[in-house]
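Comments concern the structure below.
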Ligand SMILES: CC(C)(COP(=O)(O)OP(=O)(O)OC[C@H]1O[C@@H](n2cnc3c(N)ncnc32)[C@H](O)[C@@H]1OP(=O)(O)O)[C@@H](O)C(=O)NCCC(=O)NCCS
């Protein structure tokens, strides 16, 4: 069950894989990311997940239009996320020498601090960390220059778009400016490598993160992102759930 497969219906694709390295929860990721999938593709992905022994599944963070076919196939809202964006016009000032490139040897400490910084549902395991690094054609993975590692960020770049995949600071080292140092490093790298926009998402209850991103020049996108859940055993396939209304 640990591997991923791609389910195809016409031009629609849905990747079906495990949510965490172990367990019976699936992760469903639709491609291409900017289009709306057919409901058939979602049903086929559910069938694939069930055949592979998954009992339930979460989607990736979806835009409201991406979420529609998942709602139609019986998924329900699990959590909404803020989406924030920042245009990159000028070079961003960084605290020189605050971060360094992450090495393989740092991964254990990075995963330890990630587990302390995030609640269970959002914690990274080794596979999720590797996925975040591989998610885009180019990436930057930096840690705070400290022993042990106090914080890290992973930022991805695809074309002109940069994505802050992860920022976390050890709870004992928060409110000392490390979060801002990480975000500014991310922004400067993205700008230097030709990105025109940086995006990040965060939980709507995460005031700390929102405050940090706003101080670093981010503003809210017009819509939120949605993480959906489906309990495959409930057999509610085909009964369309009512999606939330966005204005
Ligand atoms: C969000 C997060 C990364 C912020 O990290 P951080 O290192 O605390 O960030 P900073 O220190 O740069 O800024 C945080 C606060 O400390 C304040 N601060 C910074 N330096 C300071 C200093 N020297 N003295 C006093 N306060 C200071 C900032 O003004 C800011 O104030 P606020 O809490 O009112 O917004 C951290 O809280 C975290 O890891 N949270 C859990 C994981 C998470 O949510 N990640 C983001 C998800 S997308």
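In the working numbering, the protein residues as written are 265 to 511. Yeah, the Cβ is synthetic: ideal placement off N, Cα and C, and Gly gets one too. Fair warning: this is a prediction, and the values are worked out from it, not measured in the lab.
Using DSSP with H/G/I as helix, E/B as strand and the rest coil, what is residue i?
| i | result |
| --- | --- |
| residue 422 | strand |
| residue 279 | strand |
| residue 389 | coil |
| residue 510 | Any reading at residue 510 needs caution, since the residue's pLDDT is 43, under 50, leaving its predicted position unreliable; the model's value is listed next. If DSSP states are grouped into helix, strand and coil, residue 510 belongs with coil. |
| residue 321 | strand |
| residue 330 | helix |
| residue 362 | coil |
| residue 497 | helix |
| residue 482 | coil |
| residue 351 | strand |
| residue 356 | coil |
| residue 413 | coil |
I think residue i touches residue j, with their Cβ atoms under 8 Å apart; what is that distance to the nearest whole Å?
| i | j | result |
| --- | --- | --- |
| residue 489 | residue 465 | 5 Å |
| residue 491 | residue 342 | 5 Å |
| residue 393 | residue 415 | Residue 393 to residue 415, Cβ: 14 Å. No contact. |
| residue 402 | residue 457 | 7 Å |
| residue 289 | residue 321 | 6 Å |
| residue 419 | residue 408 | With 8 Å as the limit, residue 419 and residue 408 do not qualify as a contact, their Cβ atoms being about 15 Å apart. |
| residue 352 | residue 485 | Incorrect: roughly 15 Å between the Cβ atoms, too far for contact. |
| residue 413 | residue 374 | 6 Å |
| residue 280 | residue 273 | About 13 Å; that fails the 8 Å criterion. |
| residue 452 | residue 356 | 5 Å |
| residue 400 | residue 366 | With a Cβ gap of about 16 Å, residue 400 and residue 366 do not count as contacting. |
| residue 583 | residue 285 | Nothing about residue 583 can be reported from this structure: the residues present for the chain run from 265 to 511 only. |
List the residues that DSSP assigns as beta-bridge partners of residue i.
| i | result |
| --- | --- |
| residue 467 | 345 |
| residue 369 | Looking at the DSSP assignment, residue 369 forms no beta bridge with any residue, so it has no partner. |
| residue 294 | 278 |
| residue 405 | 418 |
| residue 428 | 419 |
| residue 477 | Residue 477 pairs with nothing; no bridge assigned. |
| residue 489 | 345 |
| residue 289 | 320 |
| residue 272 | 277 |
| residue 461 | 351, 425 |
| residue 433 | 415 |
Ligand 2 and residue i: does any heavy atom of the ligand fall closer than 7 Å to the residue's C-beta?
| i | result |
| --- | --- |
| residue 359 | Only ligand 1 can be found as ligands here, which leaves ligand 2 out of the picture. |
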